[in-house]
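Let me begin by presenting the structure, written as structure tokens, before commenting on it.
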């Protein structure tokens, strides 16, 4: 298994101090803020024509920014985040799905946090991580020095603390679980500004990564935010975007008040298409999870008042999220680490009014069944959807993608398919090379596994344990890498520790302060547990009334798999083991 054993100094080929001197000698280095919103589509902005939303602060940012109007991400969360953080396509970097054991970045790909930290920047994350759960894939392991974040797709994700509300939420602060005060999105913005003020006082440049969980479901928000949008059909969703807008207004005021406005690169984008694309979608078809334009084309605003870029304008050249890391390395005059390459390209030439090469791009991700051609291929105005029988669209003339013109342009179809074939050959070999969870490492004494990491099973929300589906009957394999041979203690649970509930017991509904409750948890007639480690199968009986099953076993070093499920008296599988805690004895 490839280990991430590089030291950042050796990795870069020069010391952080030398990097800082080289990068910062000519002028004060720019600060960087990346605001990544969740499930906000291209049409979910007033400045993009939404007839319901009022987003005055984002309107202002739009007017002050260079706007990439043909900007593309993955159609779902984690793949976009991994591409943003590494500059590498999700099928290559390993973080190709939101769960199913495929939502972790491969260790050999350095993140923006590692690259900027090694170059002398202070680095911080405030909000949603969702690209790894355990060492060495937590933000603190990946170059971020200040870490305010939560695990999983959201505050109700399986990997995060059980029954965390959007008000007074649980989150991690530099490795320690903490309960905040107030609304989650306000906390992310407040903590980010507090930290940036500290960096400003110390005279140190910073990279602030602010990936909010707004406006992802559950749509839990005070009615004071949603009430103005009651007639829209998406009141809570739009209320959450209004809260983002307010946060951006406070952030802008902070930058001005702290003399950070001129020399801060601010990037604003979303992680995928809208979950409410049927209301207003700027003329496009599709929303989150789709390969049509509305699934992956999102807003992207870049503002750097003191950066000598072109004046605020629209840039219609297609661009992608993998371009942002190379762009920031370019704009901040950092060196590309030795041996590192990107799938993205620096957008610096476009930002400076210079020529930019013609290219094709591929939007493709994995959820449960990746297939060749299940992609959108982008080339200037052309969109090819080869999985559906070579559908070709001219997006400039046909943004809704209603007129398939493949028969009229066979040469375009041929060129785009040839590109895709060559691209696919570089991706296919590692599609089933899972990123293993490491156990037995001195860096993390105990590892927590959850159902989000089950191979090829989608069970990433709390409701997976509350109302188990038939496809969860045996769960799925966890892929492990045993760092040290020895005796290991594994604690199996249906409910997480903090729930303090028996395996066979039900669970009352969770009532958030605002919004729709989470459903009650089903009682199950659990009697047995099956534990399969590699090729070894063990069955333990009469365990249903226990809160946990503690199992001790010897493990050799190296790769293995672990799968466990609960069954009834007749040994009929009921549900997978949703949680396991592993420590070396």
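In my numbering, the protein residues as written are 5 to 589. C-beta: ideal position from N, C-alpha, C; glycine also.
Ranked by how close their Cα comes to the Cα of residue 523, the residues 531, 456, 44 and 514 have 514 in first place. In the DSSP assignment, residue 556 falls within the beta strand (DSSP E) that extends over 553-559. Look at residue 320 here: in three-state DSSP terms it is coil, with no helix or strand label. Residue burial is scored here from C-beta neighbours: residue 183 has fewer than 16 other C-beta atoms within 10 angstroms and is therefore classed as exposed. Listed in chain order, the beta strand (DSSP E) elements of length 3 or more contained wholly in the region 233-318 are 268-274 and 304-307.
Of the other Cβ atoms in all chains shown, 16 or more fall within 10 Å of the Cβ of residue 246; this residue is therefore buried. Residue 550 places its beta carbon less than 8 Å from that of residue 506.
The region 64-138 contains, as complete alpha helix (DSSP H) runs of 4+ residues, the segments 81-90, 94-97 and 116-122 (chain order). Distances from the alpha-carbon of residue 83 to those of 461, 299, 101 and 320 put 101 closest.
Around the Cβ of residue 439, a 10 Å sphere holds 16 or more other Cβ atoms; the residue is buried. Where residue 203 is concerned, the enclosing alpha helix (DSSP H) starts and stops at 188-206. Residue pairing for residue 586: DSSP places it in a beta bridge opposite 451 and 494. Contact fails between the region 416-425 and the region 458-471, because fewer than three Cβ pairs, one in each stretch, are under 8 Å apart. For residue 395, the enclosing beta strand (DSSP E) starts and ends at 395-398.
Here DSSP, grouped into helix, strand and coil, assigns residue 413 to coil.
The shortest C-alpha to C-alpha distance from residue 352 to any of 329, 373, 366 and 341 is the one to 329. DSSP places residue 387 within a strand segment (E or B) once states are collapsed to three. Between residue 468 and residue 498, the alpha-carbon positions lie close to 10 Å from each other. Between residue 269 and residue 36, the gap from beta carbon to beta carbon is short of 8 Å.
Residue 499 carries a coil assignment under DSSP once its states are collapsed to helix, strand and coil. In this structure, the alpha-carbon of residue 275 lies about 42 Å from that of residue 531.
Residues of the same chain with a CB within less than 7 Å of the CB of residue 145, apart from the 5 flanking positions on each side, are 139 in chain order. Under the three-state reduction of DSSP output, residue 488 falls in the coil class, being neither helix nor strand.
When the alpha-carbon of residue 124 is set against those of 208, 80 and 107, the nearest one is in 208. Between residue 170 and residue 224, the C-beta spacing is below 8 Å.
Spatial neighbours of residue 395 in its own chain (CB-CB distance under 6 Å, excluding positions within 5 residues in sequence) are listed in chain order as 389 and 408. Beta bridge pairing from DSSP links residue 533 with 544 and 570. Shown here, residue 419 sits in a helix according to DSSP, grouped into three states. Counting the other CB atoms within 10 Å of its CB gives residue 74 a total of 16 or more, which places it among the buried residues. Within the same chain, 353 come within 7 Å of residue 359 by CB-CB distance, once the 5 residues on both sides are set aside.
Burial is judged here by how many other beta carbons sit within 10 angstroms of a residue's own beta carbon; residue 151 has at least 16 and is buried. Short of 7 Å from the beta carbon of residue 287, and not among the five residues preceding or following it, lie these beta carbons of its own chain, in chain order: 403 and 404.
Contact annotation: residue 79 and residue 393 have beta-carbon atoms that are not nearer than 8 Å. In the structure shown, residue 51 falls within a helical segment according to DSSP collapsed to helix, strand and coil. Among the bridge pairs identified by DSSP, residue 441 is matched with 484.
Inclusion of residue 148 and residue 128 in the CB contact set at 8 Å is warranted, their separation being smaller than that value.
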